[in-house]
Amino acid sequence: MKQRINLLIAFSVAALVVLSAVQCYLVKTTYDYKVAQFHTQIKNEIAQISNNYSDIDSVLVSRKETLYTNLSEKYFQGKKSKTDIKNGILENEYRSALTAEIQRKFERDLPNFKIDFAIVLNKFILYQNTKKADTIFSEKPFIQNKLYGNLASLNHAFLVRNYVGTTNGTFKNQDYKLLTEDSMYVSVIDWEMIILRRMAFVLVLSLLSILTLITLFVIALKALIKQKKVSDVKTDFINNITHELKTPLATLGISTKILEQKNIRDNDESFNSIVNTISRQNNRLQSLIDQVMANSLAENEIELQKEKIETEVFLQTIVNDFKIGYPKIHIQTHFETQKTNLVLDKFHLTTALLNVLENAVKYGSNTITIKTKQIEDQFSISIEDDGIGISKNKQALLFEKFYRVEQGNLHNTKGLGLGLYYVAQIVKAHQGSVNVISDLGKGARFTILLKV
Ligand code: ADP
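Counting in this note's numbering, the sequence shown runs from 1417 upward without gaps.
Spelled out as structure tokens, the structure:
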């Protein structure tokens, strides 16, 4: 059964992991799609507001073209090297004016987005009729080749468009053509938030479905484990009660057989001894059945007959009676309280306290100490023993119905696992609480707290 549950858990966890992975993949795909869609939208909107940069400020653009022509002619004259030309273009004096102009245009025409941009020059090639093309430079888009714009890096920017420009000129009666190519890169501030907002529905839905699945899984698992526990407890109970019933029944059987012998019946002493045994076993059977009956009541079905009693006197009476039953056990009392009047059910509480005391003896104790204390508005009764103790990991279930700590051989000591359950139920019915402090081999201390 345990193996089957473990297998089931393993399969369910694997299925959950696969499902979560598929969900993540789907979310990632949607994210990529949304990013691509967003880029296309920005590209289209930018395309709509400017067909080429010349419509931004024609005065500045014509100054730019004059600069290009001047530089080209100086190159033909041999006055400028390729590097000089590149530096001349990049250090142009209209850089900040054009940047501000384009920025203003973006702010005016695309008010929903905050856009940073950069226009980088990729190619500068001169064609002379008689000579072959002279490439001043041709590079991949590179932020160092920024003509204008306010982007400091192209890392998170995307390409909006390439612009190829041609200028015709004449130098020393020779026509030449200048070909330039530049690219516009833009980055939208907080674009991640924009995409997330657009994906909110998908995200929330997939998160909810995963959470629902996990919750259902946990609920199902809890129910399964609880069921398993109940079934284990039932099996244990049946084993224990069978064992408990076997001894008195066997003794009764043997005793009846002995009584059938005439010589035993004729001997008064033997006859009385057998009758006593039968009576003891009968009582034992009766008390077993009483225990089961008493514990078949649910917590709210326990009817308490409460009365005002002086608790210390009540405890001392229980201790005195107990001492008579167990003369070899050393029992001591330390009452730090005096004349505490509490409203209690004498009968039920006596049985509960006797259960704890009997357990102490049953589980190897020779000395039992009973203490009372007042802790704020609580009256504490602690019963400490020097028995075998209970390991920490077994303590959580101690007060559960039918629970018994397994000790190698289950039937080392007799019991049905109902004693402490009864204690907990009775204390709870008095609005109190019970706890245990113990460790294996170190005895146990049960503390009952009752409201004053
Ligand atoms: P049982 O009929 O088995 O005694 P209880 O409900 O009285 O049932 O106790 C539950 C289990 O708690 C016991 O099986 C025993 O292992 C453990 N236990 C109870 N009291 C003590 C104690 N004083 N010392 C050690 N173990 C104890």
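Built from N, CA and C at the ideal position, the CB exists for glycine as well.
Item	Value
Nearest to L1637 (by Cα), restricted to the options I1853, F1862, L1866, A1426	A1426
E1774 and T1785 closer than 7 Å at C-beta	no
As assigned by DSSP and simplified to three states, the class of E1685	helix
Cβ-Cβ distance between T1756 and F1795 below 7 Å	yes
Whole-number beta carbon distance between S1488 and L1594, since they are thought to touch under 8 Å	6 Å
Beta strand (DSSP E) runs contained entirely in the region 1735 to 1779, provided each spans 3 or more residues	1746 to 1751, 1757 to 1761
H1846, buried or exposed, once every other Cβ within 10 Å from all chains shown has been counted against 16	buried
Separation of L1526 from I1465, as counted between CA atoms	9 Å
Contact check, V1649 vs F1818, beta carbons under 7 Å	yes
Integer Cβ distance of T1596 from K1539, believed to fall under 8 Å	6 Å
Opposing strand residues paired with M1600 [DSSP bridges]	I1535, R1577
Three-state class that DSSP yields for D1802 in the structure shown	coil
Nearest residue (CA-CA) to H1764, options I1734, A1463, T1672, E1752	I1734
Whole-angstrom C-beta distance between L1629 and L1432, which should lie under 8 Å	6 Å
3-residue-minimum beta strand (DSSP E) runs that sit fully inside the region 1606 to 1665, ordered along the chain	none
Contacting residues, own chain, Cβ-Cβ under 7 Å from N1551 (five flanking each side not counted)	According to the sequence provided, residue 1551 is Thr. The question's Asn does not apply to it. Closer than 7 Å at Cβ, skipping near neighbours: I1541.
Beta-carbon proximity check, S1671 vs I1694, cutoff 7 Å	yes
Local conformation of A1359 per DSSP, three classes	As displayed, the chain neither begins before 1417 nor continues past 1868, which places residue 1359 out of reach and without an answer.
Residue(s) in a DSSP beta bridge with I1842	Answer is none; I1842 lacks a bridge partner.
Contact check, K1450 vs M1615, beta carbons under 7 Å	yes
Same chain only: Cβ atoms within 6 Å of N1825, ignoring 5 sequence neighbours per side	In this prediction, N1825 has a pLDDT of 42, which is less than 50 and means its spatial position is unreliable; nothing more can be read from the coordinates.
Of the residues I1725, E1752, E1792, Y1779, the one placed nearest D1761, counting alpha carbons only	I1725
For V1839, the nearest candidate out of C1440, D1652, N1711, R1700 (CA to CA)	N1711
Under the three-state DSSP convention, the category R1511 falls into	helix
Neighbour-count burial assignment, Q1457, 16 or more Cβ in a 10 Å radius	exposed
Where A1568 falls: helix, strand or coil (DSSP)	coil
Of the listed residues Y1564, V1843, T1485, nearest to T1515 (C-alpha basis)	Y1564
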